[in-house]
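Chemist: I am attaching a structure below and will ask some questions about it afterwards.
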Amino acid sequence: MGAIFRFIGAVFSRLSICSLVGVIAGSFAGFVFAIFEKDHPGLSLSTQQLFAVGLLLGVTGFLLVLYFVGLLLRYGVGPIFWPALVNSLLTALLTVFFAYWLKMPALYAVAGLLIGVVVGALLCRLCRSIDGGRYAKA
Amino acid sequence: MPRPSCGINIPGGTSSTVTIVVGTVGTVFSIAGSAASVWEGVAAGSTTFPLLAAAVAGIAVFVTVIYFAVERCNQNPSGESGCMAGVIEIITPAFTGSTLDNGLPFTSQHDRVDVVVKKDYWDLIDAQSDFVFCSQADQSPMVPCFYYNPAVCNAGIGGSIGAGVGVVGGLLIAAAVVAAIGCATWILCLVALIVAILIVVAAAIIGAMTGGQIGRAATSQPGPTATGNQQSLQVGDYVTEQGTLVKYGDLDNALVFYFVKTTTLHGHSFNSPSYSHTDPDQNLIPDACPVIIG
Numbered sequence: 001m002g003a004i005f006r007f008i009g010a011v012f013s014r015l016s017i018c019s020l021v022g023v024i025a026g027s028f029a030g031f032v033f034a035i036f037e038k039d040h041p042g043l044s045l046s047t048q049q050l051f052a053v054g055l056l057l058g059v060t061g062f063l064l065v066l067y068f069v070g071l072l073l074r075y076g077v078g079p080i081f082w083p084a085l086v087n088s089l090l091t092a093l094l095t096v097f098f099a100y101w102l103k104m105p106a107l108y109a110v111a112g113l114l115i116g117v118v119v120g121a122l123l124c125r126l127c128r129s130i131d132g133g134r135y136a137k138a
Numbered sequence: 139m140p141r142p143s144c145g146i147n148i149p150g151g152t153s154s155t156v157t158i159v160v161g162t163v164g165t166v167f168s169i170a171g172s173a174a175s176v177w178e179g180v181a182a183g184s185t186t187f188p189l190l191a192a193a194v195a196g197i198a199v200f201v202t203v204i205y206f207a208v209e210r211c212n213q214n215p216s217g218e219s220g221c222m223a224g225v226i227e228i229i230t231p232a233f234t235g236s237t238l239d240n241g242l243p244f245t246s247q248h249d250r251v252d253v254v255v256k257k258d259y260w261d262l263i264d265a266q267s268d269f270v271f272c273s274q275a276d277q278s279p280m281v282p283c284f285y286y287n288p289a290v291c292n293a294g295i296g297g298s299i300g301a302g303v304g305v306v307g308g309l310l311i312a313a314a315v316v317a318a319i320g321c322a323t324w325i326l327c328l329v330a331l332i333v334a335i336l337i338v339v340a341a342a343i344i345g346a347m348t349g350g351q352i353g354r355a356a357t358s359q360p361g362p363t364a365t366g367n368q369q370s371l372q373v374g375d376y377v378t379e380q381g382t383l384v385k386y387g388d389l390d391n392a393l394v395f396y397f398v399k400t401t402t403l404h405g406h407s408f409n410s411p412s413y414s415h416t417d418p419d420q421n422l423i424p425d426a427c428p429v430i431i432g
């Protein structure tokens, strides 16, 4: 069991905390959208409807981020609240639109995870240039 | 002998616990997402999918709690044997490290004793520590020494059992709620799915908190003591610490004893905290570390 955890840790070890927040939000959004599509095969959604789905998944993913990163990993809810909210919403929206275009549910969660890594890395860079990286270093 | 620089000497990455916990969550969702999408056992439009999604989210919480139990119950982490001596600067008992320790006891760290070490041991710290803790007095290097506390391990085990029970209980509640919401339109289905996830995750967290508290309360906590006479350690005690030295990821890869195996108590300093290395340098002669000649 310990070896599995260490392997997972090694795979993700090079990611910044911003990207790790994106990992949770993206993989969650991709996973739920895959389940949702499986439950409603062939469902056609407009851009506004996709946007609503993305927001819903983003807010739920944000709550998971607050628990895992803010509480469980002791970063605190206050310091990560706004950056994590922006990160989660952006990641979930991009994941939903990309997944809807991809039409391969088996890859949605993995795609979401990768989107989260990229969005997180970009936001980290943005944060560094704005506030000297308080969130990135938190 | 060069004085180790306080703070970060070699910039490290994100701590091992953070990457493992987040990586585990991402892996659980990714594998479950792929598996669910190729699974053909359930008809579309059923209430099974929301419950399946909720179960996976609950499992993600459950597995992360198990990680803490595995990590905190490992009494023999790999590392080299080492010995250092000095004066105790700070004692942080288990479950008092942060305000979250009471709410989430399964995440608490073991008893920690920070020792201002004698100058003789600076070379060990300088060579092996990416981060150096220092005393307030004159920035003398300190080594965090962790003492295994069975209550921390049992809080992890209790938390794991509680999280598992919480997932099962949450799924039962979620089933009733999903049936009540129904799946008349796609948006209702999505709302039912998300509500089910939130119910099961909340139940798993509450279960982990409760189980952790039970595990903690059921175990006696002797606290850090000297070997032999079992005398409780105090701030200002002169000690020799022997145990396993590791670079600890959760403390920015600082060199720490994880865990201390033997503590020799030599007496008490006449000075008050914070301490300088000059105190044990002058007053702790000799210490109990084996002398290496050559």
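Same order as they appear, the protein sequences are chains A and B.
With my numbering, letter number 7 in the first sequence gets 7, and the count goes up by one each step, no holes.
The number in my numbering is simply the position in the second sequence, starting from 1, with 138 added.
Just so you know, even glycine gets a beta-carbon here, dropped at the ideal spot from N, CA and C.
Bear in mind the structure is a predicted one, so any value in this text is a computation, not a measurement.
Measure from the C-beta of Phe244(B) to each C-beta in chain A and report whether the shortest distance is under 7 angstroms.
Modeler: Walking along the second sequence from the start, residue 244(B) turns up at place 106. So no, Phe244(B) is outside the interface.
Chemist: Compile a chain-ordered list of the residues in the segment 85-112 of chain A whose CB is closer than 9 angstroms to at least one CB of chain B.
Modeler: Within the segment 85-112 of chain A, the qualifying residues are Met104, Pro105, Ala106, Leu107, Tyr108, Ala109, Val110, Gly112.
Chemist: In the DSSP assignment, the alpha helix (DSSP H) including Leu66(A) goes from what residue to what residue?
Modeler: Indexing the first sequence from 1 puts residue 66(A) at position 66. Per DSSP, Leu66(A) belongs to no alpha helix (DSSP H) and is neither H nor E.
Chemist: Cβ atoms of Pro142(B) and Asp264(B): under 7 angstroms apart, would you say?
Modeler: Here the question's residue 264(B) lines up with position 126 in the second sequence. Here the question's residue 142(B) lines up with position 4 in the second sequence. In contact: Asp264(B) and Pro142(B) (Cβ atoms closer than 7 angstroms).
Chemist: Would Ala106(A) pass as a contact of Val176(B) if the rule is Cβ separation under 7 angstroms?
Modeler: Taking the first residue of the first sequence as position 1, residue 106(A) is located at position 106. Taking the first residue of the second sequence as position 1, residue 176(B) is located at position 38. Judged by their CB atoms, Ala106(A) and Val176(B) are nearer to each other than the 7 angstroms cut-off.
Chemist: Pull up the DSSP beta-bridge partners for Lys385(B), would you.
Modeler: By 1-based counting over the second sequence, the position of residue 385(B) is 247. Bridge partners of Lys385(B): Leu393(B).
Chemist: Closer than 6 angstroms by C-beta to Thr155(B): which residues in its own chain qualify, once you throw out the five before and the five after it? Chain order, please.
Modeler: Mapped onto the second sequence, residue 155(B) falls at position 17. Cβ within range, chain order: Asp388.
Chemist: At a Cβ threshold of 7 angstroms, is Ser154(B) touching chain A?
Modeler: The sequence position of residue 154(B) within the second sequence is 16, counting from 1. At a cut-off of 7 angstroms between beta carbons, Ser154(B) contacts chain A.
Chemist: Assuming the contact rule is C-beta atoms closer than 8 angstroms, Gly297(B) and Ala346(B) should be a hit. Round their C-beta distance to whole Å, please.
Modeler: Numbered from 1 along the second sequence, position 159 holds the residue referred to as residue 297(B). Numbered from 1 along the second sequence, position 208 holds the residue referred to as residue 346(B). The pair is a contact, with the Cβ atoms about 4 angstroms apart (cut-off 8 angstroms).
Chemist: What residue range is occupied by the uninterrupted alpha helix (DSSP H) comprising Gly294(B)?
Modeler: Residue 294(B) sits at position 156 when you count from the first residue of the second sequence. 288-319 is the extent of the alpha helix (DSSP H) around Gly294(B).
Chemist: Could you have a look at Glu37(A) and say whether DSSP puts it in helix, strand or coil?
Modeler: Translated into the one-based positions of the first sequence, residue 37(A) becomes position 37. Helix, per DSSP.
Chemist: Please confirm whether Tyr205(B) has its beta-carbon closer than 7 angstroms to some beta-carbon of chain A.
Modeler: For the purposes of this step, residue 205(B) is identified with residue 67 of the second sequence, where counting begins at 1. Chain A contact via Cβ: present.
Chemist: Is Ile35(A) close to chain B? Criterion is C-beta to C-beta, closer than 7 angstroms.
Modeler: For the purposes of this step, residue 35(A) is taken as the residue at position 35 of the first sequence. Closer than 7 angstroms to the CB of Ile35(A) there is at least one CB belonging to chain B.
Chemist: Under DSSP, the alpha helix (DSSP H) around Arg210(B) begins and ends at which residues?
Modeler: Within the second sequence, the letter at position 72 stands for residue 210(B). Note, Arg210(B): alpha helix (DSSP H), 186-211.
Chemist: Applying the criterion that 16 or more other CB atoms from any shown protein chain within 10 Å of the CB defines a buried residue, is Gln380(B) buried or exposed?
Modeler: As a first step, residue 380(B) is located in the second sequence; it is residue number 242 there, counting from the start. Counting Cβ neighbours within 10 Å, Gln380(B) comes out buried, since at least 16 surround it.
Chemist: At least one CB of chain B closer than 7 angstroms to the CB of Ser46(A): is that the case?
Modeler: The sequence position of residue 46(A) within the first sequence is 46, counting from 1. Answer no: the Cβ-Cβ gap between Ser46(A) and chain B never drops below 7 angstroms.
Chemist: May I ask which residues mark the beginning and end of the beta strand (DSSP E) holding Ala223(B)?
Modeler: Position 85 of the second sequence, counting from 1, holds the residue named residue 223(B). Element bounds for Ala223(B): 218-230.
Chemist: Taking Cβ-Cβ distances shorter than 7 angstroms, what residues in chain A pair up with Asn147(B)?
Modeler: On the second sequence, residue 147(B) is found 9 positions in, with the first residue counted as 1. The contacting residues do not exist; Asn147(B) stays about 16 angstroms from chain A at best.
Chemist: Tell me the rounded alpha-carbon separation between Asp419(B) and Trp260(B).
Modeler: As a working mapping, residue 419(B) is identified with position 281 in the second sequence. As a working mapping, residue 260(B) is identified with position 122 in the second sequence. One C-alpha to the other measures close to 12 angstroms.
Chemist: Quickly, what does DSSP pair Thr405(B) with across the bridge? List them, please.
Modeler: The residue given as residue 405(B) occupies position 267 in the second sequence. Reading the sequence as shown, one finds Gly at residue 405(B) and not Thr. Gly405(B) is bridged to Tyr376(B).
Chemist: Could you tell me which chain B residues have their CB closer than 7 angstroms to the CB of Gly120(A), listed as they occur along the chain?
Modeler: As a position in the first sequence, residue 120(A) is number 120, starting the count at 1. Per Cβ cutoff of 7 angstroms: no residues; Gly120(A) is ~11 angstroms from chain B at best.
Chemist: Can you say whether Gln274(B) is buried or exposed, counting buried as having 16 or more other CB atoms within 10 angstroms of its CB?
Modeler: Along the second sequence, read from residue 1 onward, the residue named residue 274(B) stands at position 136. That one is exposed.
Chemist: Could you list which residues in chain A have their beta carbon closer than 9 angstroms to that of Trp260(B), in chain order?
Modeler: Numbered from 1 along the second sequence, position 122 holds the residue referred to as residue 260(B). Per Cβ cutoff of 9 angstroms: no residues; Trp260(B) is ~28 angstroms from chain A at best.
Chemist: Starting from the C-beta of Leu113(A), find all residues in its chain whose C-beta is less than 6 angstroms away, skip the five residues before and the five after it, and write them out in chain order.
Modeler: On the first sequence, residue 113(A) is found 113 positions in, with the first residue counted as 1. Counting only Cβ-Cβ distances below 6 angstroms, and skipping sequence neighbours, we find Val23, Gly26, Ser27.
Chemist: Of the residues that make up the segment 8-37 of chain A, which ones have a beta carbon closer than 7 angstroms to any beta carbon in chain B?
Modeler: Ile8, Gly9, Val11, Phe12, Ser13, Arg14, Leu15, Ser16, Ile17, Leu20, Val23, Ile24, Ser27, Phe28, Gly30, Phe31, Val32, Ala34, Ile35, Phe36
Chemist: Quick check on the DSSP output: the alpha helix (DSSP H) that includes Asp419(B) runs from which residue to which?
Modeler: The count along the second sequence starts at 1 and reaches residue 419(B) at position 281. Boundaries of the alpha helix (DSSP H) around Asp419(B): 416-421.
Chemist: Examine chain A for any beta-carbon lying closer than 7 angstroms to the beta-carbon of Ser172(B), and answer yes or no.
Modeler: Sequence index remark: in the second sequence, residue 172(B) carries index 34 (1-based). So yes, Ser172(B) belongs to the interface.
Chemist: Verify whether the separation of the beta carbon atoms of Asp239(B) and Pro282(B) is less than 7 angstroms.
Modeler: By one-based count along the second sequence, residue 239(B) stands at place 101. By one-based count along the second sequence, residue 282(B) stands at place 144. No, they are not a contact pair.
Chemist: In this structure, what does DSSP give as the bridge partners for Arg128(A)?
Modeler: Here residue 128(A) refers to the residue found at position 128 of the first sequence. Arg128(A) pairs with nothing; no bridge assigned.
Chemist: Looking at the secondary structure, which residues open and close the alpha helix (DSSP H) in which Phe12(A) lies?
Modeler: Translated into positions along the first sequence, residue 12(A) becomes position 12. Counting along the chain, the alpha helix (DSSP H) containing Phe12(A) begins and ends at 2-12.
Chemist: Would a C-beta distance cut-off of 7 angstroms place Ala84(A) and Gly30(A) closer than the cut-off?
Modeler: Along the first sequence, read from residue 1 onward, the residue named residue 84(A) stands at position 84. Along the first sequence, read from residue 1 onward, the residue named residue 30(A) stands at position 30. It is not a contact, given that the beta carbons lie outside the stated cut-off.
Chemist: Relative to the C-alpha of Phe437(B), which residue among Ile197(B), Ser219(B), Ala170(B) is closest?
Modeler: Missing from the structure shown is residue 437(B); chain B here goes from 139 to 432 and no further.
Chemist: Quick one: list the residues of chain A neighbouring Ala191(B), beta-carbon separation under 8 angstroms, in chain order.
Modeler: Residue numbering aside, residue 191(B) sits at position 53 when the second sequence is read from its first letter. Near Ala191(B) (Cβ distances below 8 angstroms), the residues of chain A are Phe31, Val32, Ile35.
Chemist: Considering Val160(B), what are the terminal residues of the beta strand (DSSP E) in which it resides?
Modeler: The residue you call residue 160(B) lines up with position 22 of the second sequence. No beta strand (DSSP E) holds Val160(B); the alpha helix (DSSP H) holding it covers 154-176.
Chemist: What are the residues that DSSP puts in a beta bridge with Asp249(B)?
Modeler: Taking the second sequence and counting its residues from 1, one reaches residue 249(B) at position 111. Beta-bridge pairing links Asp249(B) to Tyr285(B).
Chemist: Quick one: give me the first and last residue of the beta strand (DSSP E) that Phe269(B) is part of.
Modeler: Within the second sequence, the letter at position 131 stands for residue 269(B). From DSSP, the beta strand (DSSP E) with Phe269(B) extends over 269-272.
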